[in-house]
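Structure, as structure tokens:
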């Protein structure tokens, strides 16, 4: 399992920019928002937590099809399926690799981009915490979507259509934590709900993803 | 005699063929009767004026939008557990109907909201969760049409339906938490505290019955179509193979 | 025709939209049912020969 994880990480670092792409996309989205809504500081600091969450979510979405696509094309996914590892384990490792290469950099970059959006003082901590809690859920849910569309030729758009509605609860609670944190309100309830969704998704969805992947490899 | 006999496509088509005329006649009758009754022969509400007449379309379509998804969920479960093809095809047949019902509920809601709340759209929990439900329908239908192999498509969509149900429910509560609404609470709950008045209630009941019958008739018809389309494909494939 | 008062537009348009959508749905279902049925019959006829 660890070998698979290391292999995935190495591949994503080496294989032409997949690693930094999500991060660059996150940066561009955050830079574009002030162009869209105007440079007024008060407005920006008000919407900053939500914009950071949406940016992270989209950056996450963008890199999802890389989870299985390459392995599917060169046939190594079939090899993995016949390996002694259970499919659930493979799926979880893939999600973890996706999180380390996409989610974690996003979490670390969020406070820096928060400066650009004049995020309120108290917001930094909560944006980072909510993203750190929420992005694993995004990766796990995204892995499910990627597994659903793995064999399809032009699956990218379809996958967005499938995955985005599934992201709704995570986004709502995550952005709520960040927003309340930035406003200096109590964050316990949404934080607990976010954690619940995140851990629940991590515990249950690998089974669904594995089932889907088995069907697709049939 | 058990319900699983109807998992046989031939038997399903034969039975539904017999039932379909009755169901469609019932649906038309109920809808015409209920809507005419509601539209022409009910008084205006003292606060909402004549807009209360929209209820005869809004509430039944909203009900069916949710029930169609539930039916798809049950059909998907049956497909996963017992692998009856009719079940998977029925789930597929129901999705466009559910999506249409969702649009009707949203559209009538918007038209109703405009004079009553002074806005076409508010990010109210009920409205928002219906919009999310609509997105789920879209994704489900898109996945069905994207996959060529029938069995694979049935497997994948039924798992999507299961996962989607969990997340749709989660979204419902998330959205509730996220914003307080303009929308009134349940108007048809069985404990009759703040229900609609009887004058509106009886025609509404007839309309709901009409929508239910319409839904069943359409599901039967569309499932038959799917079964036949599938058989055509199978025959063609066999012909080519010979 | 009942007097709909100032909300006539809202009521009538919502009825129009809903009935239009329902009729469209029914029409599409029936047309597709017919087409598929005819298609299957053709194929079965051809195979019988």
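Residue numbers (the working numbering), protein chains in the order written: chain V, 3 to 220; chain X, -3 to 238; chain G, 4 to 52.
Glycine is no exception: its CB is placed at the ideal position from the N, C-alpha and C atoms.
For the region 13 to 31 of chain G, the residues whose beta carbon sits under 9 Å from a beta carbon of chain X are, in order, 13, 14, 16, 17, 18, 20, 21, 22, 24, 25, 27, 28, 29 and 31. Close to chain X, meaning a Cβ-Cβ distance shorter than 7 Å, are the following residues of the region 142 to 154 of chain V: 146, 150 and 154.
Shown here for residue 199 of chain X: same chain residues with a beta carbon closer than 7 Å to its own, the five before and five after excluded, namely 30, 33, 34, 38 and 52 in chain order. In the displayed model, residue 45 of chain X falls within a strand according to three-state DSSP.
With a 10 Å radius around the Cβ and a threshold of 16 neighbouring Cβ atoms, residue 181 of chain V comes out buried. Around the Cβ of residue 68 of chain X, a 10 Å sphere holds 16 or more other Cβ atoms; the residue is buried. With contacts defined as CB atoms closer than 9 Å, residue 103 of chain V and residue 11 of chain V qualify as a contacting pair. Distances from the CA of residue 143 of chain X to each of V:189, V:130 and V:161 were compared; the closest alpha carbon is that of V:161. The distance from the Cβ of residue 58 of chain X to that of residue 101 of chain X is about 4 Å, consistent with a contact at the 8 Å cut-off. Here residue 61 of chain V really is in contact with residue 27 of chain V; their C-beta atoms are around 5 Å apart, less than 8 Å.
Not a single C-beta of chain G is nearer than 9 Å to the C-beta of residue 83 of chain X. Residue 48 of chain G is outside the set of residues whose beta carbon lies under 9 Å from a beta carbon in chain X. Counting C-beta pairs closer than 8 Å gives fewer than three between the region 83 to 96 of chain V and the region 38 to 54 of chain V, which falls short of the contact rule. Contact residues of the region 202 to 232 of chain X toward chain G are 214, 217, 218, 220, 221, 224, 225, 227, 228, 231 and 232 (C-beta to C-beta distance below 7 Å).
One Cα belongs to residue 208 of chain X, the other to residue 23 of chain V, and the distance between them is close to 50 Å. Using a CB distance cut-off of 9 Å, residue 141 of chain X does not count as an interface residue toward chain G. In this structure, the beta-carbon distance from residue 95 of chain X to residue 125 of chain X does not fall below 9 Å. Sequence-distant partners of residue 192 of chain V (beyond 5 residues in either direction) whose C-beta falls short of 6 Å from its own C-beta, in its chain, are 175, 178 and 179. Shown in chain order are the members of the region 207 to 220 of chain V whose Cβ falls below 8 Å from a Cβ of chain X: 207, 210, 213, 214, 217, 218 and 220.
Boundaries of the alpha helix (DSSP H) around residue 60 of chain X: 51 to 78. Taking 3 residues as the minimum length, the region 36 to 106 of chain V contains no beta strand (DSSP E) run wholly inside it. Taken through DSSP and simplified to helix, strand or coil, residue 9 of chain X comes out as helix. With respect to the 9 Å criterion, residue 46 of chain G and residue 231 of chain X are classified as neighbours on the basis of their beta carbons. For residue 233 of chain X and residue 194 of chain X, the gap between their C-alpha atoms comes out near 58 Å. Between residue 214 of chain X and residue 93 of chain X, the gap from beta carbon to beta carbon is short of 9 Å.
Of all residues in the region 101 to 112 of chain X, those with a C-beta nearer than 8 Å to a C-beta of chain G are 103, 104, 107, 108, 110 and 111, reading in chain order. Residue 120 of chain X sits in coil when the DSSP states are folded into three classes, being neither helix nor strand. Residue 207 of chain V has its alpha-carbon roughly 21 Å from the corresponding atom of residue 80 of chain V. About 7 Å separates the beta carbon of residue 67 of chain V from that of residue 157 of chain V, a gap short enough to meet the 8 Å contact definition.
Within chain G, 24 and 28 have C-beta atoms less than 7 Å from the C-beta of residue 96 of chain X, given in sequence order. By the neighbour-count criterion, in which a residue is buried when 16 or more other Cβ atoms sit within 10 angstroms of its Cβ, residue 46 of chain X is buried. Here residue 3 of chain X carries a helix assignment [DSSP, helix/strand/coil]. Residue 45 of chain X has a beta carbon lying within less than 9 Å of a beta carbon in chain G. Within the region 162 to 182 of chain V, those residues whose Cβ lies closer than 8 Å to any Cβ of chain X are, in chain order, 163, 164, 166, 167, 168, 170, 171, 174, 175 and 178. Between residue 83 of chain V and residue 187 of chain V, the C-beta spacing is not below 9 Å.
If you compare the alpha carbons of X:87, X:218 and X:56 with that of residue 204 of chain X, the shortest gap goes to X:56.
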